[in-house]
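**Student:** Mapped onto the working numbering, the consecutive letters of the sequence shown carry residue numbers 316 to 668.
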Amino acid sequence: MDAPTTAFLGGMPIEVDPTAIDRVLTALWKPATEEAADGTGTTRLALGTLVVVADEARAAPVEAVCQAVAAAYPSRIVVFLVGARDDVSAAVFATCRRAPGGSQVCGETIVLRGGERQAAQLPGLVLPLLLPDVLATLWWDRSEPPAPATVEALLPLTDRGLISLARATDPACCLGLLTTQPRVADLGWFEQHTWREAVAQFFDGEAGVAARMDRVEVVSSGADTAGALLAGWLAGQLGWEPAERRSERHTRWRRTDGEAASVLLTRLPGDEGLWATILSSSELAGDWRVERPREAPGSLRLTAHCRDWCQMPGRLLLPPPDTAQAILAALGRPVVNESRQRATAHAAWLLGG
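Put into structure tokens, the structure is as follows:
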């Protein structure tokens, strides 16, 4: 195996002409995929294409996320880093993991670097690099939302989009994008999976109890979007419809039976995300709580009691926020999710949209 291919398989970036990326990759892969005499070798595999747009300053954390994604989901990953440049440069390297039996399974990463002017030309740069017959996902990592022209030109080239409301400098604009683009999701939605699972446990087979809830409170610190998204999901699952905004953090809703309900967003100092979800029923004189204890923030404590009965407290492990795991969760789920869309629309209304 020649030196360039060995370096390529070892994860060393190989500088290439941006107009000759596929030709160079073909030349690098040819000797790499020739099976060795002992039956071990290298298999080139791409289950999808992941297109990443990020700022040059975030190159290191983005690379770490891409490496983690590639280890579990071999792909062609195309990263465009936006910095202070007037041209486009390109480099390629393989992302390999050892499979049972000794063979290597490898995807590939293409790193493009350019300036804002080149970022505006992303559709033309990305289109030739999308693999046929596999899903293409766009991960927009920049804190600024994509410009309308980028949305109109780049999103149609991909099957799904992922953004992070928690990092957005303009969450309202990003929420607007999420509500109008069903194929675009917030990464925070996938990180809240354990919270939704915890709440759902209360009401498995108890639809009658859920129907009598009349108050939801979500307690969080940091960006308002996390609390609003979870509260929006709860209201949507309960079948509530927005009615009136009493204040910035207090809204009134209509239940399916026409009775009034309320949603409160309580914000604490700090930047630790979600702390508690409390559902209450005046009729049943009870509440159902999912709380992250200060003394054990890596878990969720579940408690429930009402006039006629109480439930023994339960615990769930709460995985720490992990962007790579959130991306992998998104890749393993349907592109369009009605529950997520409804939650996003409610979250936008909760935040004044």
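For glycine and all other residues, C-beta sits at the position ideal for the given N, C-alpha and C.
Could you check how far apart the C-beta atoms of Val331 and Ala409 are, in whole angstroms? I think they sit under 8 Å.
**Tutor:** Incorrect: roughly 13 Å between the Cβ atoms, too far for contact.
**Student:** Measure the C-alpha to C-alpha separation of Arg652 and Cys489 and round it to an integer number of angstroms.
**Tutor:** According to the sequence shown, residue 652 is Asn rather than Arg. The straight-line gap from Cα to Cα measures roughly 17 Å.
**Student:** From Arg604 to Thr571, what does the alpha carbon distance come to, in whole angstroms?
**Tutor:** The alpha-carbon atoms of Arg604 and Thr571 are separated by roughly 22 Å.
**Student:** Please determine, among Arg391, Asp529, Gly476, the residue with the shortest C-alpha to C-alpha distance to Ala600.
**Tutor:** If we check each option's Cα against that of Ala600, Asp529 comes out closest.
**Student:** What does DSSP give as the partner residue(s) for Trp568 in the beta ladder?
**Tutor:** Per DSSP, Pro557, Ala576.
**Student:** In angstroms with no decimal places, state the Cα-to-Cα distance between Ala557 and Ser596.
**Tutor:** Per the sequence shown, residue 557 should be read as Pro rather than Ala. Roughly 18 Å separates the two Cα atoms.
**Student:** Applying the 10 Å Cβ sphere with the 16-neighbour rule, what's the burial state of Trp624?
**Tutor:** Trp624 is exposed by the Cβ-count criterion.
**Student:** Helix, strand or coil for Cys621 per DSSP?
**Tutor:** Note: Cys621 maps to coil in three-state DSSP.
**Student:** Does the beta-carbon of Gly430, which I'm using as the reference point, lie nearer than 7 Å to any heavy atom of the ligand FAD?
**Tutor:** This structure simply doesn't include the ligand FAD, nor any ligand for that matter.
**Student:** Hey, could you find the ends of the beta strand (DSSP E) Glu532 is sitting in?
**Tutor:** Glu532 -> beta strand (DSSP E) spans 530–536.
**Student:** Between which residues of its own chain and Thr473 is the CB-CB distance below 7 Å, once the five residues before and five after are set aside?
**Tutor:** Answer for Thr473: Val366, Ala451, Thr452, Leu453, listed in chain order.
**Student:** I believe Thr364 touches Ala347 by the beta-carbon criterion, under 8 Å. Please report the beta-carbon distance rounded to the nearest angstrom.
**Tutor:** That pair is no contact at about 20 Å.
**Student:** Quick one: is Asp353 buried, meaning 16 or more other Cβ sit within 10 Å of its Cβ, or exposed?
**Tutor:** The predicted position of Asp353 is uncertain, since its pLDDT is 48 and thus under 50; a value taken from the coordinates is nonetheless stated next. Asp353 should be labelled exposed.
**Student:** In chain order, which continuous runs of the beta strand (DSSP E) of length 3 or greater are located wholly inside the segment 338–405?
**Tutor:** Qualifying beta strand (DSSP E) stretches, in chain order: 357–359, 363–370, 391–397.
**Student:** Use the C-beta contact count for Ala576: other C-beta atoms within 10 angstroms, 16 or more gives buried, fewer gives exposed.
**Tutor:** Per the 10 Å Cβ criterion, buried.
**Student:** Are the beta-carbon atoms of Leu480 and Thr424 separated by less than 8 Å?
**Tutor:** Cβ distance not < 8 Å, so Leu480 and Thr424 don't count as in contact.
**Student:** So, at 8 Å on beta carbons, what are the nonlocal neighbours of Trp645 in its own chain, with the 5 sequence-adjacent residues on each side left out?
**Tutor:** Note that residue 645 is Ala in the sequence shown here, rather than Trp. So the qualifying residues of the chain are Thr452, Arg475, Leu477, Ala500, Leu502, Phe505.
**Student:** Note the first and the last residue of the continuous beta strand (DSSP E) segment covering Ser596.
**Tutor:** Unbroken beta strand (DSSP E) run through Ser596: 588–596.
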